[in-house]
Amino acid sequence: MALLAAFAGFVFVSLLEPRARRWALAALLLVAAVGAAWEFMPNGGRALSSSFAHYDSHNPHQARWALWSTALRMFSAHPATGVGPGGYRRLFTAYHPGPIDGEPASASAHNLYLQQLAERGLLGAVALLLLCAAFLARAVRAVRIEADTRALWAAGAVVVLLAMSLTETSFQNEQFSTLFLLIWAWGTACLR
10 MALLAAFAGF
20 VFVSLLEPRA
30 RRWALAALLL
40 VAAVGAAWEF
50 MPNGGRALSS
60 SFAHYDSHNP
70 HQARWALWST
80 ALRMFSAHPA
90 TGVGPGGYRR
100 LFTAYHPGPI
110 DGEPASASAH
120 NLYLQQLAER
130 GLLGAVALLL
140 LCAAFLARAV
150 RAVRIEADTR
160 ALWAAGAVVV
170 LLAMSLTETS
180 FQNEQFSTLF
190 LLIWAWGTAC
200 LR
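Just so we're aligned: the sequence shown equals residues 10 to 201 in my numbering.
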């Protein structure tokens, strides 16, 4: 997912920067080709998508599906406020009694959006989406004012964050969030 997120950031920056626009379509086609090749790559004689037909606790792709469905069950049980900060780990075994990857409980849903829904409910998810929209809007505004390297880095970093958040909760990690915020603030500093 990191590679796809990097490509998404590159494509977004290419669409914003007129000199790089000619590369946006090529990058998009490359990502589509890699995705198609991955889907039809032999996986023990099966396509990747067919490996989800039966649950295998040692399959990392299926582990993510289990983590995500657990987060959705928590959200559906507590839609307004969620199960509370840290509640995903604390209540994991109540919503998913079996181990995943040999671990009895998981601290992360491996999806920032679903983690917010599970732990903070609809209010928390809306707040997260508003924060992400503000990050993106300010970065795009900085590029429109001055499409320099700093502003393009900020815009690309936001798109990478949004894409990576589909399979990770890295924004909740202080090292990652500090680096992201540094790049974003540096790139949007031209705005007052």
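Cβ atoms here follow ideal geometry from the backbone N, Cα and C, with glycine treated the same way.
Report yes if the CB atom of residue i is closer than 7 Å to the CB atom of residue j, and no otherwise.
i    : j    : result
A116 : L126 : no
W77  : L38  : no
R136 : L200 : Correcting the residue type first, residue 136 is Ala in the shown sequence and not Arg. No, the pair does not count as a contact, with Cβ atoms beyond the cut-off.
V168 : A17  : yes
W195 : R147 : no
A72  : I109 : yes
Y104 : R82  : yes
In the DSSP assignment, find the alpha helix (DSSP H) that holds residue i and state where it starts and stops.
i    : result
R159 : 158 to 173
A101 : Rather than Ala, the amino acid found at residue 101 in this sequence is Phe. Counting along the chain, the alpha helix (DSSP H) containing F101 begins and ends at 96 to 104.
R28  : Premise fails: R28 is in no alpha helix (DSSP H) and is neither H nor E.
E112 : Premise fails: E112 is in no alpha helix (DSSP H) and is neither H nor E.
R153 : 121 to 154
Using the C-alpha atoms, what's the distance from residue j back to residue i?
i    : j    : result
L140 : G95  : 20 Å
P88  : R31  : 44 Å
V20  : S174 : 17 Å
F180 : H119 : 11 Å
A156 : W162 : 10 Å
G91  : T79  : 13 Å
R28  : L131 : 41 Å
F61  : R153 : Unreliable positioning characterises F61 in this predicted model, as indicated by a pLDDT of 49, which lies under 50. The coordinate reading is nonetheless provided below. F61 and R153: Cα-Cα distance of roughly 44 Å.
A36  : W193 : 23 Å
G93  : A15  : 32 Å
L100 : L34  : 45 Å
G54  : A45  : Only weak support is given to the placement of G54: the predicted model assigns it a pLDDT of 38, under 50, and the value that follows is read from those uncertain coordinates. Looking at the two C-alpha atoms, the distance is approximately 16 Å.
N182 : L145 : 20 Å
L170 : G107 : 31 Å
A75  : Y97  : 13 Å
Q188 : F84  : According to the sequence provided, residue 188 is Leu. The question's Gln does not apply to it. Their Cα atoms are separated by approximately 30 Å.
A198 : T176 : 29 Å
Less than 6 Å between the CB of residue i and some heavy atom of the ligand COA, yes or no?
i    : result
H119 : Because no ligand of any kind appears in the structure shown, any question about the ligand COA cannot be addressed here.
Would you please state the rounded distance, in angstroms, between the beta carbons of residue i and residue j? I believe it to be under 8 Å.
i    : j    : result
T178 : L121 : 5 Å
L13  : A172 : 7 Å
L25  : V149 : 7 Å
A164 : V22  : 6 Å
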